[in-house]
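A short write-up of the structure that comes next.
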Amino acid sequence: FILIGLIIVIAFFLLFYLKQKEIIFKPKPPLLPTELAPLDAYVKACIEKVSGEAVAIIGTTGGYIYYPDFIKNDMSSYLLIAPTEHGMMPYWRTLEALRIPPLQFIAEQMERYVNENLKSCLQNFTPFVAQYNIVEKSEPKADVEFGDEATLVKVDYALSISDKQGRKVADIEEFKIELPYRIKTIHQIAEELVKAENTNKFMEYTVIDLIALDEDVPLNGVELSCKKKRWRTNEVENKLKTLIRVNLPKIRVERTSYPDFPADQPYLAKHFVWDPLNLNYKDFSVSFSFSEKWPFYFYVRPNKGSWLESGMQRIQRYLPFVCIQSWQFSYDLRFPIMVSILDRKNNYLFSFALELGIERNYPAAGSVASESYRFRTEEPTEAEYCSRKQTLMTIFSYDNVSNSFLPIDDVELEFTCLKYTCPLGKTSYESGGAVALLKTYVPRCTYGILKAKKEGYKESTAFISTEVPGQVSVYLTPIKKVKVKVVKHRYDFDSEMLSPDAEELGKDEIASINVKRKDHEAYTVYPAEFNELELLAEDDFSYNVTIHLTLNGLVVGGLQKEVELDWDELSLADEIVFHVAYADVKNEDDMLRLMSILPEISELVPLPELR
1081 FILIGLIIVI
1091 AFFLLFYLKQ
1101 KEIIFKPKPP
1111 LLPTELAPLD
1121 AYVKACIEKV
1131 SGEAVAIIGT
1141 TGGYIYYPDF
1151 IKNDMSSYLL
1161 IAPTEHGMMP
1171 YWRTLEALRI
1181 PPLQFIAEQM
1191 ERYVNENLKS
1201 CLQNFTPFVA
1211 QYNIVEKSEP
1221 KADVEFGDEA
1231 TLVKVDYALS
1241 ISDKQGRKVA
1251 DIEEFKIELP
1261 YRIKTIHQIA
1271 EELVKAENTN
1281 KFMEYTVIDL
1291 IALDEDVPLN
1301 GVELSCKKKR
1311 WRTNEVENKL
1321 KTLIRVNLPK
1331 IRVERTSYPD
1341 FPADQPYLAK
1351 HFVWDPLNLN
1361 YKDFSVSFSF
1371 SEKWPFYFYV
1381 RPNKGSWLES
1391 GMQRIQRYLP
1401 FVCIQSWQFS
1411 YDLRFPIMVS
1421 ILDRKNNYLF
1431 SFALELGIER
1441 NYPAAGSVAS
1451 ESYRFRTEEP
1461 TEAEYCSRKQ
1471 TLMTIFSYDN
1481 VSNSFLPIDD
1491 VELEFTCLKY
1501 TCPLGKTSYE
1511 SGGAVALLKT
1521 YVPRCTYGIL
1531 KAKKEGYKES
1541 TAFISTEVPG
1551 QVSVYLTPIK
1561 KVKVKVVKHR
1571 YDFDSEMLSP
1581 DAEELGKDEI
1591 ASINVKRKDH
1601 EAYTVYPAEF
1611 NELELLAEDD
1621 FSYNVTIHLT
1631 LNGLVVGGLQ
1641 KEVELDWDEL
1651 SLADEIVFHV
1661 AYADVKNEDD
1671 MLRLMSILPE
1681 ISELVPLPEL
1691 R
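Residue numbers (our numbering): 1081 to 1691.
Written out as structure tokens, the structure is:
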């Protein structure tokens, strides 16, 4: 009896433990019918697109998509990067307070954006209205979770799907996607940086050192001369702005990825390396920037209006003809800087603004004593914005198929910054065709999008910053568009034989076609008014081809096979004919039986024909 009692106790605790771990009694999510895979992929693609837009916006604004009223109504609470909808970058730290947006606040911003924009992407499920009746049972409700290695987006969106005969196909309750952006880690780095700066004032002390070391920015000194030394106040201000702009990007953050200083610049290695972080973040880089066009409060004392002057003394008693010029100035400064954190794993850039202050040559403990400096520009038209060409960029264009990446010319380029889109022109061959490029000036933009397109190629996009001159390469993938046709061959379950005779599809039969490889994916439906398929060009390529033939809500046939297409044949073709197998499918059991053996049956199916 003791042994039996012991077994019962152990079983009880084991049951309790498993229940806590949700190993038992955990309901499994319902399996999605195979025929709805294209619809599922369509919704998830829209969630990924809209979520990606939200991630891009928060990367340019420091975590904001929708600005709180206390920020919108206070022009001193943000840095105006561009006079656009998302052109305000609220300060994470002002001289009055820390304003670090909580991670949950950023998640809520993304959730609201997905909720408000997902349905416009879905376009009322237009690609599927001929096949299904789709009824919304709830509005989309997004839930964003920032993980250590990715961002998870779950959207509760209840859909009831039935075929055109009114028979229910499935109910879907939610969709989940994963984005590769490590926003949680970026936020952790940013928060540590801001709090360290707020405590030890590394940035302010660096600027004070720049003032002390540059002879064009007078601080203190003595000179034997009877001629007064004079400096123009505006020239000193401009010089100081230049010093900050040029030197802030040289600052390195310890425990992150950064290039070593040259061996002949020991001063930088000693004074421009900051160690504010508690952990190692070797997959990330941190940079700092400043622009002369940003708000800049400057006051120096003593001054004589537009001039700074030395004071003169004569040594009357011993050397009456010798004069001494002496000067000692103190500076008040208040200005913004931008901090950018780059995730080198996926090239995602997150930027935010800090406000720095110096009062009488020391880091400001609070507000700068002098009057505040505020500004706001009027919003330009698109033509006005595009005419502000300030940064020289060199853009190279290449073919993305060949291993040697051959240059291609006549690539049309356009640059997008927030809501503005600016045509740039086309690339052309130079150096005897060795390169294809376009050199042009573009408007300044922290996080812009460069689009490249050419007839016969997939459109290519690249994220670029045009704050400083630089080079960027775009790679275009050549494509061949062909019309699609699908014919079917009868498969007999009993004899396990496939008929060699090809048949046209039945009146209500629909084939969804997906061709996929590592770097390319295309989808279409047959029959349809527009059923072109985009295939890669200029070389032979293999594709994983998946075709589902549906009738009255059941998958009655299909193809699941790797297919290689010869470019010599494809280049001359206008149409590709896919052959699929079909069987006498009367119910779901027949459908599951067919799907379980579809890969084997597909080996019996003739290869696609190029015509």
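Heads up, the beta-carbon is just placed ideally off N, CA and C, and yes, glycines get one too.
Just so it is clear, the structure is predicted and the values come from calculations on it, not from any experiment.
**Local conformation of residue 1507 per DSSP, three classes** = If you number the sequence shown from 1, residue 1507 lands on position 427. The answer is coil: DSSP assigns residue 1507 none of H, G, I, E or B.
**Request:** Indicate whether residue 1365 and residue 1336 have their beta-carbon atoms separated by less than 8 Å.
**Result:** Numbered from its first residue, the sequence shown carries residue 1365 at position 285. Numbered from its first residue, the sequence shown carries residue 1336 at position 256. At the C-beta level, residue 1365 and residue 1336 come within 8 Å of one another.
**Request:** Below 8 Å on the Cβ atoms is my guess for residue 1386 versus residue 1312; work out the distance and round it to an integer in Å.
**Result:** Taking the first residue of the sequence shown as 1, we reach residue 1386 at position 306. Taking the first residue of the sequence shown as 1, we reach residue 1312 at position 232. Right, the Cβ-Cβ distance comes to about 6 Å (below 8 Å), so this counts as a contact.
**Request:** Run the CB neighbour count on residue 1126, radius 10 Å, all protein chains shown included, and call it buried at 16 or more, exposed below.
**Result:** Numbered from its first residue, the sequence shown carries residue 1126 at position 46. Label assigned to residue 1126: buried.
**Asked** Pick from 1652, 1561, 1525: whose alpha carbon is nearest that of residue 1550?
**Response** In the sequence shown, counting from the first residue as 1, residue 1550 sits at position 470. Checked all of 1652, 1561, 1525; the closest Cα to residue 1550 is 1525.
**Prompt:** In angstroms, rounded to a whole number, what distance separates the CA positions of residue 1396 and residue 1315?
**Reply:** The sequence position of residue 1396 within the sequence shown is 316, counting from 1. The sequence position of residue 1315 within the sequence shown is 235, counting from 1. Interpretation of residue 1396 is limited by its pLDDT of 47, a score under 50 that renders its predicted location unreliable; the figure taken from the coordinates is listed afterwards. Each residue's alpha carbon lies about 34 Å from the other.
**Request:** Identify which residue in 1240, 1148, 1647, 1182 has its Cα closest to the Cα of residue 1617.
**Result:** Locating residue 1617 in the sequence shown gives position 537, counting from the first residue. Nearest C-alpha to residue 1617: 1647.
**Prompt:** Can you give, in chain order, each stretch of the beta strand (DSSP E) that sits fully within the region 1234 to 1307 and has at least 3 residues?
**Reply:** If we require 3 residues or more, the beta strand (DSSP E) runs fully inside the region 1234 to 1307 come out as 1248 to 1259, 1300 to 1304.
**Request:** Output the distance between the C-alpha atoms of residue 1685 and residue 1114, rounded to the nearest integer angstrom.
**Result:** Counting from one through the sequence shown, the residue named residue 1685 turns up at place 605. Counting from one through the sequence shown, the residue named residue 1114 turns up at place 34. For residue 1685 and residue 1114, the distance between alpha carbons rounds to 20 Å.
**Prompt:** So, residue 1158 versus residue 1148, is the Cβ gap smaller than 8 Å?
**Reply:** Here residue 1158 refers to the residue found at position 78 of the sequence shown. Here residue 1148 refers to the residue found at position 68 of the sequence shown. Not a contact, by the Cβ cut-off of 8 Å.
**Request:** Along the beta strand (DSSP E) that carries residue 1497, what are the first and last residues, could you check?
**Result:** Position 417 of the sequence shown, counting from 1, holds the residue named residue 1497. Start and end: 1492 to 1497.
**Request:** Figure out for me which residue from 1640, 1644, 1652 has the closest Cα to the Cα of residue 1675.
**Result:** Position 595 of the sequence shown, counted from the first residue, corresponds to residue 1675. When only C-alpha atoms are compared, the closest one is 1640.
**Prompt:** CA-CA distance, residue 1156 and residue 1609?
**Reply:** In the sequence shown, counting from the first residue as 1, residue 1156 sits at position 76. In the sequence shown, counting from the first residue as 1, residue 1609 sits at position 529. Their backbone Cα atoms lie some 55 Å apart in a straight line.
**Span separating the alpha-carbon of residue 1195 from that of residue 1222** = Sequence index remark: in the sequence shown, residue 1195 carries index 115 (1-based). Sequence index remark: in the sequence shown, residue 1222 carries index 142 (1-based). One C-alpha to the other measures close to 6 Å.
**Request:** Could you tell me which residues DSSP pairs with residue 1638 in its beta bridges?
**Result:** On the sequence shown, residue 1638 is found 558 positions in, with the first residue counted as 1. Answer is 1628, 1661, bridged to residue 1638.
**Message:** Looking at the secondary structure, which residues open and close the alpha helix (DSSP H) in which residue 1327 lies?
**Reply:** As a position in the sequence shown, residue 1327 is number 247, starting the count at 1. 1313 to 1327 is the extent of the alpha helix (DSSP H) around residue 1327.
**Asked** Who are residue 1656's beta bridge partners in DSSP?
**Response** Here residue 1656 refers to the residue found at position 576 of the sequence shown. The partner list for residue 1656 (beta bridge, DSSP) reads 1564, 1690.
**Request:** For residue 1302, count neighbouring C-beta atoms within 10 Å of its own C-beta (all shown protein chains included) and say buried if the count is 16 or more, exposed if not.
**Result:** Walking along the sequence shown from the start, residue 1302 turns up at place 222. Exposed, because fewer than 16 other Cβ atoms sit within 10 Å of the Cβ of residue 1302.
**Message:** Taking DSSP's pairing of strands, which residues face residue 1333 in a bridge?
**Reply:** For the purposes of this step, residue 1333 is taken as the residue at position 253 of the sequence shown. Its beta-bridge partners are 1354.
**Every unbroken alpha helix (DSSP H) within the region 1109 to 1191, with a cutoff of 4 residues, ordered by chain** = 1117 to 1141, 1149 to 1152
**Outcome for residue 1573 when other beta-carbon atoms lying within 10 angstroms are tallied against a minimum of 16** = Working through the sequence shown from its first residue, we reach residue 1573 at position 493. Result: exposed.
**Prompt:** Taking the alpha helix (DSSP H) that residue 1673 falls in, what are its first and last residues?
**Reply:** Locating residue 1673 in the sequence shown gives position 593, where the first residue counts as 1. Unbroken alpha helix (DSSP H) run through residue 1673: 1668 to 1682.
**Distance between residue 1308 and residue 1438 (C-alpha atoms, nearest Å)** = The residue labelled residue 1438 in the question sits at position 358 within the sequence shown. The residue labelled residue 1308 in the question sits at position 228 within the sequence shown. Each residue's alpha carbon lies about 27 Å from the other.
**Request:** Using a threshold of 8 Å, state whether the C-beta atoms of residue 1409 and residue 1376 are closer than that.
**Result:** Sequence index remark: in the sequence shown, residue 1409 carries index 329 (1-based). Sequence index remark: in the sequence shown, residue 1376 carries index 296 (1-based). Their beta carbons are not under 8 Å apart, which means residue 1409 does not touch residue 1376 by this criterion.
**Request:** Taking only beta-carbon positions, decide if residue 1207 is within less than 8 Å of chain C.
**Result:** Considering every chain present, this structure includes no chain C. It has just one protein chain.
**Item:** Start-to-end residues for the alpha helix (DSSP H) that takes in residue 1648
**Value:** Here residue 1648 refers to the residue found at position 568 of the sequence shown. Where residue 1648 is concerned, the enclosing alpha helix (DSSP H) stretches over 1647 to 1650.
**Message:** For the structure I just gave you, are there three or more beta carbon pairs, one from the region 1553 to 1573 and one from the region 1656 to 1664, closer than 8 Å?
**Reply:** yes
**Message:** On the CB-based measure, 16 or more other CB atoms within 10 Å of its CB, does residue 1687 come out buried or exposed?
**Reply:** As a first step, residue 1687 must be located in the sequence shown, where it is residue number 607. Its Cβ having fewer than 16 others within 10 Å, residue 1687 is exposed.
**Asked** So residue 1602 is in the alpha helix (DSSP H); what residue range does that whole segment cover?
**Response** Counting from one through the sequence shown, the residue named residue 1602 turns up at place 522. Counting along the chain, residue 1602 falls outside any alpha helix (DSSP H), though it belongs to the beta strand (DSSP E) covering 1600 to 1606.
**Prompt:** Relative to the alpha-carbon of residue 1490, which residue among 1500, 1473, 1481, 1509 has its alpha-carbon at the smallest distance?
**Reply:** The count along the sequence shown starts at 1 and reaches residue 1490 at position 410. Selected option, being the one with the closest Cα: 1509.
**Request:** Could you say if the region 1257 to 1271 and the region 1215 to 1234 meet the contact criterion of at least three C-beta pairs nearer than 8 Å?
**Result:** Yes, since at least three Cβ pairs between the region 1257 to 1271 and the region 1215 to 1234 fall closer than 8 Å, the two stretches touch.
**Request:** Inspect the beta-carbon positions of residue 1371 and residue 1329 and report whether they are closer than 8 Å.
**Result:** Stepping through the sequence shown from its first residue, residue 1371 is reached at position 291. Stepping through the sequence shown from its first residue, residue 1329 is reached at position 249. No; because the gap between Cβ atoms is not below 8 Å, this pair is not in contact.
**Asked** Are the Cβ atoms of residue 1634 and residue 1589 separated by less than 8 Å?
**Response** Start at 1 with the first residue of the sequence shown, and residue 1634 comes out as number 554. Start at 1 with the first residue of the sequence shown, and residue 1589 comes out as number 509. Taking 8 Å as the Cβ cut-off, residue 1634 and residue 1589 do not qualify as a contacting pair.
**Request:** Assign residue 1219 to one of three DSSP states: helix, strand, or coil.
**Result:** Residue mapping note: residue 1219 aligns to position 139 of the sequence shown, counting from 1. In the structure shown, residue 1219 sits in coil (DSSP, three-state: anything other than H, G, I, E or B).
**Asked** Thinking C-alpha only, which one of 1250, 1133, 1469 is nearest residue 1166?
**Response** Within the sequence shown, the letter at position 86 stands for residue 1166. Checked all of 1250, 1133, 1469; the closest Cα to residue 1166 is 1133.
**Asked** Can the beta-carbon of residue 1378 be found closer than 8 Å to that of residue 1413?
**Response** In the sequence shown, residue 1378 corresponds to position 298, counting from 1. In the sequence shown, residue 1413 corresponds to position 333, counting from 1. Yes. Within cutoff.
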